[in-house]
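J.: Per the numbering used here: the sequence shown ends with 630, consecutive numbering throughout. A single structure is presented below for examination.
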Amino acid sequence: MPLPELIEIVPLEKPAPPEITVPGSKSITNRALILAALAGGETTLRGALWSEDTQVMVEGLRAVGFEVEVAEDAREHCNRTIIVQGRSGWIPRGGTLEAPLEIFVGNAGTAARFLTALVCLGRGIYRVHGVKRMHQRPQEALFNALRELGYCIDSVNDKLPATVHGAGPRAGTCCVSIAESSQFASALLLCAKAGGWRVNVVGENAEESPYVAMTAKLMERFSQRRGEFQIEPDCSSGSYFLAAGEFKFSGTRETHSGNGRDDAAGSLSTLSPGVANWPETGWQIDQAFLEVLFALYEGRRSRFWNRHSPRAADSPGESGQPQGIHTLSRRDDLGDSIMTAIVMAPLLAEPVRFVHLNRLRVQECERVVALRTELTKCGAKVVEEDDTLTVYPSKLHGADIETYNDHRLAMCFAILGLKVPGIKIKNPACVKKTFPNFFQKLAAPPPHGLGATIRDATKSPPVALKPEELFAE
């Protein structure tokens, strides 16, 4: 049974300490699928995310001729064990000019970019296309880099749909900007060895881009563990459950009046996060969400305090007195979990400035505008300026939340609904993109869920939904 078009999240009276499993990392799963296809022989990926985005990637690999076997994972319903038969850099199938091989990528940006680079290694013609929103998302930097390597990419406006003329490996050098998306660089780097490509990455913070760094680390680890690879849980997905809880830090607080810091003798290791097997590799930028909670929810001075905008500390508050302000960057501090922090920010005691949000504008929807619009509906004071949102402490109320078919908006505001009465989520099934059993996790009894009540708001009066009615198909 599909999820209703409108659901209501009932606030939790008192959150119970959970120990929730979240599905595997989307970013790692998609990179591992490409690396497995390009490797020689059989590779088994364990704990791989099984959602709309990764299914698109698997179907794309199958479309070009790779054998991919998918088996259930007994520990997590939305994970799979995936076995890929690698072809040592050879792409088995290709189309012709008269009948290009069709590759449908939906609204999966990662699959669109990675598969476009991959099929350049093939021998034939490929047409990569997706849904309307995917045809609006940027691709030009990737297309230009591939053209620099000698491949022909036909596109009316340097966006999808595009026709890719596969020409096999072609040794060469290209330059790619990550100003709009780091996925352009990752797509090229994953295929670089098989293609004989030398990839120069440029753009804002190019060498330190966390997603490019993830790609490089995975390529290194993958080469060391041929045959089997374990996918770690997704920190972006975990951020929702961390934000839902009540956080306690052990240790004695010590005030250092000499340097203005308010530290704790305890550390992040004293936090009980409520998410099982929280990663410690540092591969995912959203692993830092724990540290953000430590800084924001406990009001501690941290590396996030005024680092990006020192003048903020001297700006007057509504009382006319200088006030401190935390600053978080989408480029340097957090990835997709910055949306979780933005939605939770009105509940904090101090304002938070979120900077470098330009990439949010070109993802599943125009996320900067969407976040401001929907938070404002709930009574929040949110100021948008350039690629910055400043969110102020606010008294919130319920509202019908438009999700814009964006899975992360649905999940972020669902967590807000655990704290604010009257939050209703439109089109909740959009979470199938990365986390199909998200609402089941919210409703499952502790410790494996939060024990929340979720109602069908299309009915009058609203009716509580059963667990089997909460899966996003």
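Even glycine gets a Cβ: it sits at the ideal position worked out from N, Cα and C.
Identify the continuous alpha helix (DSSP H) that holds Arg-188 and give its terminal residues.
T.: That run of the alpha helix (DSSP H) goes 183–195.
J.: Give the straight-line distance between the Cα atoms of Glu-229 and Leu-202, rounded to the nearest whole angstrom.
T.: Roughly 12 Å between the two C-alpha positions.
J.: On the DSSP letters alone, give me the boundaries of the beta strand (DSSP E) that Ser-396 sits inside.
T.: Taken as a continuous stretch (DSSP letters only), Ser-396 belongs to no beta strand (DSSP E), being part of the alpha helix (DSSP H) at 392–401.
J.: Taking only runs that begin and end inside the segment 333–398, name each unbroken alpha helix (DSSP H) of 4 or more residues, in chain order.
T.: Counting whole runs of 4 or more residues, the segment 333–398 contains the alpha helix (DSSP H) stretches 340–352 and 367–381.
J.: State buried or exposed for Gln-441, treating a residue as buried only when at least 16 other CB atoms are found within 10 Å of its CB.
T.: That one is buried.
J.: Using DSSP's beta-bridge definition, name the partner residues of Val-213.
T.: Answer by DSSP bridge pairing: none, since Val-213 is not bridged.
J.: Evaluate Ala-189 with the Cβ neighbour count: other Cβ atoms within 10 Å of its Cβ, from every protein chain shown; 16 or more gives buried, anything less gives exposed.
T.: So Ala-189 ends up on the buried side.
J.: Is Ala-115 near Glu-630, with beta carbons less than 8 Å apart?
T.: With the chain covering 158 to 630 only, the question about residue 115 has no answer from this structure.
J.: Specify the secondary structure class of Gln-242 as computed by DSSP and reduced to three states.
T.: Three-state DSSP puts Gln-242 in a strand.
J.: Is Pro-637 buried or exposed, if buried means 16 or more other CB atoms sit within 10 Å of its CB?
T.: With the chain covering 158 to 630 only, the question about residue 637 has no answer from this structure.
J.: Output the residue ranges of the beta strand (DSSP E) runs that lie fully inside the segment 241–278 and measure 3 residues or longer, sorted by chain position.
T.: If we require 3 residues or more, the beta strand (DSSP E) runs fully inside the segment 241–278 come out as 258–261.
J.: Would you call the segment 322–340 and the segment 361–378 touching, i.e. three or more CB-CB distances under 8 Å?
T.: The segment 322–340 vs the segment 361–378: in contact.
J.: Look at the alpha carbon of Lys-598 and the alpha carbon of Glu-259, and state the distance between them as a whole number of angstroms.
T.: C-alpha separation (whole angstroms): 36 Å.
J.: With Arg-524 as the anchor, note down where its alpha helix (DSSP H) starts and where it stops.
T.: It spans 524–534 - the alpha helix (DSSP H) in which Arg-524 sits, taken as one unbroken run.
J.: Cutting at 8 Å between CB atoms, please list the residues of its own chain near Tyr-397, excluding the five before and the five after it.
T.: Hits under 8 Å: Thr-497, Met-568, Cys-569, Ala-571, Ile-572 and Phe-595.
J.: Sorted by chain position, which residues of the same chain lie with C-beta nearer than 7 Å to Val-285's C-beta, five sequence neighbours on each side aside?
T.: Closer than 7 Å at Cβ, skipping near neighbours: Ile-260, Val-262, Ala-269, Leu-272, Thr-273, Leu-317, Pro-318, Ala-319 and Val-321.
J.: Apply the 10 Å Cβ neighbour rule to Pro-618 and answer buried if 16 or more other Cβ atoms are within range, or exposed otherwise.
T.: Pro-618 is exposed by the Cβ-count criterion.
J.: Can you give me the Cβ contacts of Pro-467 inside the same chain, cut-off strictly under 6 Å, excluding the 5 residues immediately before and after it?
T.: Confidence at Pro-467 is low in this model, with a pLDDT of 37, below 50, so the placement of that residue is unreliable and no value is reported for it.
J.: Taking 8 Å as the cut-off, does the segment 517–525 touch the segment 502–509 (at least 3 CB pairs, one atom from each stretch)?
T.: No, they do not touch.
J.: For Ile-282, which of Thr-330, Leu-306, Thr-238 and Gly-251 has the nearest alpha-carbon?
T.: Measuring from the Cα of Ile-282, the nearest candidate turns out to be Gly-251.
J.: Just to confirm, is the Cβ distance from Arg-232 to Thr-178 under 8 Å?
T.: Cβ atoms of Arg-232 and Thr-178: closer than 8 Å.
J.: Please name the residue in Val-432, Val-213, Val-500 and Leu-275 whose C-alpha comes closest to that of Gly-243.
T.: With distances taken between Cα atoms, Gly-243 lies closest to Leu-275.
J.: Is it buried or exposed for Met-214, if we count other Cβ within 10 angstroms and need 16 for buried?
T.: With 16 or more other Cβ atoms within 10 Å, it is buried.
J.: Checking 8 Å against the spacing of the C-beta atoms, do Ile-185 and Glu-389 come in under that value?
T.: Against a cut-off of 8 Å, the Cβ pair of Glu-389 and Ile-185 comes out as a contact.
J.: Going straight from the alpha carbon of Ser-334 to that of Gly-323, what length do you get?
T.: Answer to the nearest angstrom: the Cα atoms are 22 Å apart.
J.: Nearest-angstrom Cα distance between Pro-257 and Ser-343?
T.: Taking the straight line from one Cα to the other gives about 25 Å.
J.: If we define contact as Cβ-Cβ less than 8 Å, is Pro-618 a contact residue for chain C?
T.: Although the question refers to chain C, the structure presented lacks it and comprises just one protein chain.
J.: According to DSSP, is Thr-497 helix, strand or coil?
T.: Thr-497 falls in the helix class under three-state DSSP.
J.: Going straight from the alpha carbon of Glu-531 to that of Cys-331, what length do you get?
T.: Cα to Cα, the separation comes out at about 41 Å.
J.: By alpha-carbon positions, which one of Glu-626, Ala-194 and Asp-557 ends up nearest to Ala-351?
T.: The candidate whose alpha carbon is nearest that of Ala-351 is Ala-194.
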